[in-house]
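All residue numbers in the sequence shown are consecutive under the numbering used here, ending with 702. For every residue, glycine included, the Cβ atom is placed at its ideal position computed from N, Cα and C. Here the structure is a predicted model, which is why all the values come from computation and not from measurement. Right, one structure below, let's go through it.
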Amino acid sequence: MHHLPDPARTLRGLAGRLAAGGRLLVVMLPATIQYPLFDSALRRFEELQPDPFGIVEHLTAAGMEAGLSHVEHELRIDRDRYFGMVRARYMSLLSTFSDHEIEKGIEEMRASHPEPVLVFPDRFAFVLGELPDQRGEGE
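Right under this line is the structure:
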């Protein structure tokens, strides 16, 4: 959702293409994350990431009944492997940082996370929109 210039318009357009009773599922990260990233990356994430409650509002405005749920899994990953993923910019958010900023961030992460295996929650928001089923009308 954070890559869309106008999420409300996009969701309205997608909802308009669904048949009666159709569903639209948006799976996204929540507005805040607990990843072992450097501080400026976490702050930028919070600045750029849409709030799932806003997506619920967009789907509701598009005529859908919408609800929000979350699923969380514990991740365990070797620290050096994770730092390599950050260096490779595994999240699109990290592409907004220069090579120098990434390296500085990894040094910050090294100091904050000396443990050999990083353990952290990976949480996803599931926003489900459903169009009313209008098959019963006129029968």
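Counting along the chain, where does the beta strand (DSSP E) carrying residue i start and finish?
{"i": "residue 632", "result": "628-641"}
Give the range of the alpha helix (DSSP H) segment to which residue i is assigned.
{"i": "residue 602", "result": "602-611"}
{"i": "residue 681", "result": "First-last for residue 681: 680-693, but that is the beta strand (DSSP E), not the alpha helix (DSSP H)."}
{"i": "residue 663", "result": "662-675"}
{"i": "residue 624", "result": "615-624"}
Taking the alpha-carbon positions, what's the residue i to residue j distance?
{"i": "residue 601", "j": "residue 695", "result": "44 Å"}
{"i": "residue 588", "j": "residue 595", "result": "20 Å"}
{"i": "residue 616", "j": "residue 592", "result": "12 Å"}
{"i": "residue 698", "j": "residue 619", "result": "Unreliable placement is indicated for residue 698, whose pLDDT of 46 sits below 50; no coordinate value is reported for it."}
{"i": "residue 657", "j": "residue 680", "result": "21 Å"}
{"i": "residue 643", "j": "residue 655", "result": "20 Å"}
{"i": "residue 670", "j": "residue 607", "result": "18 Å"}
{"i": "residue 663", "j": "residue 636", "result": "31 Å"}
{"i": "residue 678", "j": "residue 627", "result": "46 Å"}
{"i": "residue 597", "j": "residue 687", "result": "12 Å"}
{"i": "residue 701", "j": "residue 614", "result": "Only weak support is given to the placement of residue 701: the predicted model assigns it a pLDDT of 47, under 50, and the value that follows is read from those uncertain coordinates. Whole-angstrom Cα-Cα distance: 39 Å."}
{"i": "residue 650", "j": "residue 665", "result": "6 Å"}
{"i": "residue 667", "j": "residue 659", "result": "14 Å"}
{"i": "residue 568", "j": "residue 612", "result": "12 Å"}
{"i": "residue 582", "j": "residue 693", "result": "10 Å"}
{"i": "residue 622", "j": "residue 565", "result": "16 Å"}
{"i": "residue 653", "j": "residue 691", "result": "26 Å"}
{"i": "residue 638", "j": "residue 682", "result": "6 Å"}
{"i": "residue 610", "j": "residue 570", "result": "16 Å"}
{"i": "residue 689", "j": "residue 590", "result": "5 Å"}
Compare the C-alpha of residue i against each of the options and name the closest.
{"i": "residue 684", "options": "645, 599, 585 and 678", "result": "599"}
{"i": "residue 676", "options": "655, 640 and 686", "result": "640"}
{"i": "residue 625", "options": "648, 586 and 590", "result": "586"}
{"i": "residue 661", "options": "584, 604 and 580", "result": "604"}
Query raised in the report: On the three-pair Cβ rule with 8 Å, is the stretch 632-652 touching the stretch 567-584?
Result: no
Requested in this report: Would you mind listing the alpha helix (DSSP H) stretches within the stretch 569-603 that are 4+ residues and don't spill past its ends, in chain order?
Outcome: 570-579
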